[in-house]
Amino acid sequence: MFESLDDQMKHDAQAEASTKERMLKYVLIGVVSVVVVCGIFAVQFIK
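According to my numbering, the stretch in the sequence shown is residues 6 to 52, in order.
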């Protein structure tokens, strides 16, 4: 599958970047969700 160790290392580096991107995406989704829920509760509290 890989012709050399260098190719394997490049593949591993790309997989690591995608893992970081995935974690960043989940963190952003969590933050946005919390902001939306807090906004809904704030509107209900003001009424």
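Note that beta-carbon positions come from the ideal geometry of N, C-alpha and C, so glycine has one too. Bear in mind the structure is a predicted one, so any value in this text is a computation, not a measurement.
Simplified DSSP state of residue i, which is helix, strand or coil
{"i": "S9", "result": "coil"}
{"i": "K52", "result": "coil"}
Close-in-space but distant-in-sequence residues of the same chain around residue i (CB under 6 Å, 5 per side omitted)
{"i": "V42", "result": "none"}
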